[in-house]
Structures are given as C-alpha cells and as structure tokens.
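Position one of the sequence shown corresponds to residue 841 (my numbering), numbered consecutively onward.
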Amino acid sequence: MRRNWQLLLGLGIVAVLLWWLFRDLDPARVWNEIRSANVALLLLTTVVTMGAFFTRAVRWRFFLAPVHPDSPLGSRFAGVCVGFMLNNLLPSGRVGELGRAYAYSRLEPVSLSTAVATLVVERLLDGVAILVLLVLAITGPGFPAETLPAELVASIRLVTVFLGIVLAAVVLLVAFPGPAVRICGRVAGRLLPDRLGTGVVGVISGVVDGLASMRGWRHMLPALLWSFVVWTVQSLSFWIGFLAFNIDLPFAAAVVTNAAIAVAVTLPAAPGYLGTFQIGASLALVEIYGAGDEQALGFALGWHLVNFIPITLAGLWYTRRLGISLSDFRDRRGEGKDAAGPGSSR
C-alpha cells in the first residue's frame, strides 16, 4: 500500500509539472524543436553521458578501497548501470542506490550495508563538487545577473550559501565525528523534545559509525577530484545538447542546468524522473538564461529520451547476467533502508 501511494504521489506530481510546463506552449512547436535537433550531436551526448557513468565507476574505487582494495572496474561499472537503470524504471525513491550496492555485493565480497555506506560518502562529494562548480558558474562573466530580477538572483545566491553551510557541516561531521555528534546532541537537546532529540542524535551517530572506514584523505582527495570530473563530463553532455537544439549558451549555463536538474530530481517522481527533469532544465534555461520556452522544453525532452535508453539497456543486461529481476529490488527496498540508515538516499 505504501508503495502504491508513493507511485500515485509521483504520478500526481509529474502530471502537475507537465501541465505547468505545457500550459502556455504549443505542443506542435515543441515537437518541431525535437524533430529539428541535430541527431549526430544528440547521439554524441549519449557517448559523453555514458562516459560520466564510467567515471562514476572509476571514482567508486576510492570509496571501496578501505574494504576491498582490489575492486574490479567491471563490477563497479555493472553496479552503476544497474542503479541508474532502476531509477529509470522504478518510481523514484532512490531505489537505484540500493540496487547499485546490491548488484555490487552480488559480484564482490562486500556486504550490502558496506556498499551502501560508500554511496553515502559519494553523495556528499557529489554535493561538494556541484556546489563549487555552481558557484564558479554564477560568479563568472557569463552569468546574466544584470538581466534577472534582483529577487531571483538573491534567491539563487541564498540557496547556494545555504547548501554550502549544510555541506560544510556534513564535512565536519565526517572529519571530526566525536565533537560534531556532541554539538548535535546539545543543539537537539535544546531545540527538540527529548525523545525526538535522542532519536536524531542516534541517527547521526549511526551514520558517522557507518562512514568510519571511509575517512582519510588518501582516498577522499582523489575521490573529490574525480567528483569534479563526473559533474564536468555530465555538464559537457548538456552543453553538447544545447548545440544540438541551437541553444547558444556558454558551458557555465550547462553547469547551472545540471545543478537545477540535480535539485529537481530529488522530488518524488515517476520512473525516469519524467517531469522533474524537465522542470529543472526549463527553469534554468528559461528563467535564468532566457531561452525560448519551446526550445528549452524540446531540449529537456529530447536529451532525456535519447540518454534514457543506453544506460537502461546496459542495466537490464547486467541484471540478466546476475540472474536478478526488478522484483528483487522492490522486495529489498525496506531491507536496504535498514542496512543503509537514513543517509542512503540523496
């Protein structure tokens, strides 16, 4: 029943978002934008996007090094493909993170809970990398701050500062767990009821314990550098997509679009982030950079469809090779939450 409600909620959100996107647009013009796109450049985006998935697999080695120093690249890439395939085919609840860890644990001698814990650290470094790239993009010469409403610019900068504070707090939590947990305990004791405050501190302590084996700059520093590679390559795919749809914007606009989509897809959604992906892209391109509505939505739909297919097929191929099915991941969703703790989903 709970899963049905999650699916219905996701579909409802998608319906509202799609209505909002199309309410003042001519669907025929959007379709014309998609039809007139440069096919060769669109296909190139899929190559670059698969490259981004490959760099995620390369980076994962540093998170697994403390528990599995000889982690094979093939097994890591298989896990990445399975994870993103699940996010494409199942209602979004970040089940792909669990699926990725589960697939890897089937291939290598690493427990499911340990594999999930490595992905918690990965999400942290993802946040650091995209935040730094976003700051560089919005402070650079190509950002149209002078043409935007002052309120929108202020909101963008406020959100960026807020995310920076949150990420800094998490970094401190991982780097200095003892003092950080004690401070959290004092704050929770003053601001929350006793039972709730105790629960919050227990959750934070559990996450810190789960991340203990991943501390150490010998692994974290190269992982952070690879995080910048991951998000730069993904932004490159968006920028090539801009070219395919004749959207004349600088690379920094692709970084902002990437960040907007990353935030939008955290909302409950139908499989494949249908609707949430499009609203993130449209908000960045139309509201910030002034692209045409039909042109922006044509890009969001066209790029999304073309890049949906390769990773989904690759993930399905790996699940077949492993002898598992989508129902296995549905059945293990609750188990994964117990194993991973509350920090397992982004």
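Built from N, CA and C at the ideal position, the CB exists for glycine as well.
Cβ pair residue i, residue j closer than 8 Å
i: Thr979; j: Gly1130; result: no
i: Val830; j: Gly1120; result: Nothing can be reported for residue 830: it is not among the residues displayed for the chain, which extend from 841 to 1186.
i: Asn1098; j: Ile970; result: yes
i: Ala1124; j: Leu965; result: no
i: Ile811; j: Phe893; result: With the chain represented from 841 up to 1186, any question about residue 811 goes unanswered, as that position is not in the structure.
i: Ile1080; j: Val888; result: yes
i: Ala943; j: Phe917; result: no
i: Thr958; j: Leu904; result: yes
i: Arg858; j: Gly1115; result: A quick correction: the sequence has Leu, not Arg, at residue 858. Result yes, Cβ atoms of Leu858 and Gly1115 sit closer than 8 Å.
i: Val956; j: Leu938; result: yes
i: Ile1188; j: Pro989; result: The structure shown does not extend to residue 1188, since the chain is modelled only from 841 through 1186, so no value can be given for it.
Among the options, the one whose alpha carbon lies nearest that of residue i
i: Asn1086; options: Leu882, Trp859, Val856, Leu865; result: Leu882
i: Trp1071; options: Val1146, Phe1091, Trp859, Phe1082; result: Phe1091
i: Trp1143; options: Pro912, Ser1077, Tyr1158; result: Ser1077
i: Gly1138; options: Ala855, Trp859, Leu865; result: Leu865
i: Ser915; options: Thr895, Ser945, Ala892; result: Ser945
i: Ala868; options: Ser911, Ala1154, Asp1133, Thr1159; result: Asp1133
i: Ser890; options: Val1146, Ala941, Arg875, Arg1160; result: Here the sequence assigns Met to residue 890, which means Ser is not the residue at that position. When only C-alpha atoms are compared, the closest one is Val1146.
i: Gln1074; options: Asp1034, Trp859, Gly1025, Thr895; result: Thr895
i: Val920; options: Pro909, Ser951, Glu962; result: Glu962
i: Pro1111; options: Leu930, Arg875, Val975; result: Leu930
i: Gly1004; options: Leu974, Ala1140, Phe1016, Arg1030; result: Leu974
i: Val1069; options: Val1126, Val972, Pro1033, Val1041; result: Val972
i: Leu1061; options: Arg1030, Phe862, Asp1034, Val968; result: Val968
Sequence-distant residues of the same chain with beta carbon closer than 7 Å to residue i, five excluded per side
i: Gln1135; result: Glu873, Phe1085, Ile1087
i: Ile1101; result: Phe1117, Gly1120, Ala1121
i: Leu1156; result: Met925
Span separating the alpha-carbon of residue i from that of residue j
i: Asn927; j: Leu1036; result: 32 Å
i: His1059; j: Val907; result: 12 Å
i: Ala1028; j: Ala880; result: 55 Å
i: Ala1008; j: Val999; result: 14 Å
i: Thr954; j: Met925; result: 21 Å
i: Pro981; j: Phe1002; result: 23 Å
i: Gly936; j: Ser1067; result: 19 Å
i: Ser1184; j: Ala941; result: Since pLDDT at Ser1184 reaches only 34, below the 50 mark, its modelled position is unreliable, and the value read off the structure follows with that caveat. Computed Cα separation, rounded: 10 Å.
i: Val1190; j: Phe902; result: Look at the range of the chain in this structure, 841 to 1186, and you will see that residue 1190 is not part of it.
i: Arg1026; j: Leu1065; result: 34 Å
i: Pro909; j: Pro949; result: 11 Å
i: Ala1154; j: Arg1161; result: 11 Å
i: Val993; j: Ser951; result: 45 Å
i: Val856; j: Val870; result: 18 Å
i: Thr886; j: Ala1140; result: 14 Å
i: Leu1032; j: Cys1024; result: 11 Å
i: Phe862; j: Glu991; result: 25 Å
i: Arg875; j: Leu884; result: 17 Å
i: Val1126; j: Phe1016; result: 42 Å
i: Val1041; j: Asp1034; result: 11 Å
i: Arg1022; j: Trp860; result: 45 Å
Cut-off 8 Å between Cβ atoms - residues of its own chain near residue i, not counting five sequence neighbours on either side
i: Leu1012; result: Ala1020
i: Ile1159; result: Before going on, a small fix: residue 1159 reads as Thr here, not Ile. Cβ within range, chain order: Val922, Met925, Ala943, Ser1165, Leu1166.
i: Gly1018; result: none
i: Arg1030; result: none
Sequence-distant residues of its chain with Cβ nearer than 6 Å to residue i (five each side left out)
i: Ala877; result: Ala1084, Phe1085, Gly1142
i: Leu947; result: Ser915
i: Ala977; result: Ala1092, Val1095, Val1096
i: Arg899; result: Ala1063, Trp1066
i: Phe1082; result: Leu1089
i: Ser911; result: Arg901, Leu904
Alpha helix (DSSP H) segment containing residue i, residue limits
i: Thr1116; result: 1116–1122
i: Arg1161; result: 1133–1162
i: Ser1165; result: First-last for Ser1165: undefined, no H or E at that position.
i: Phe903; result: 879–904
i: Val1105; result: Where Val1105 is concerned, there is no enclosing alpha helix (DSSP H), given that its DSSP letter is neither H nor E.
i: Leu930; result: Run containing Leu930: none; DSSP gives neither H nor E here.
i: Pro867; result: 867–875
i: Val960; result: 952–979
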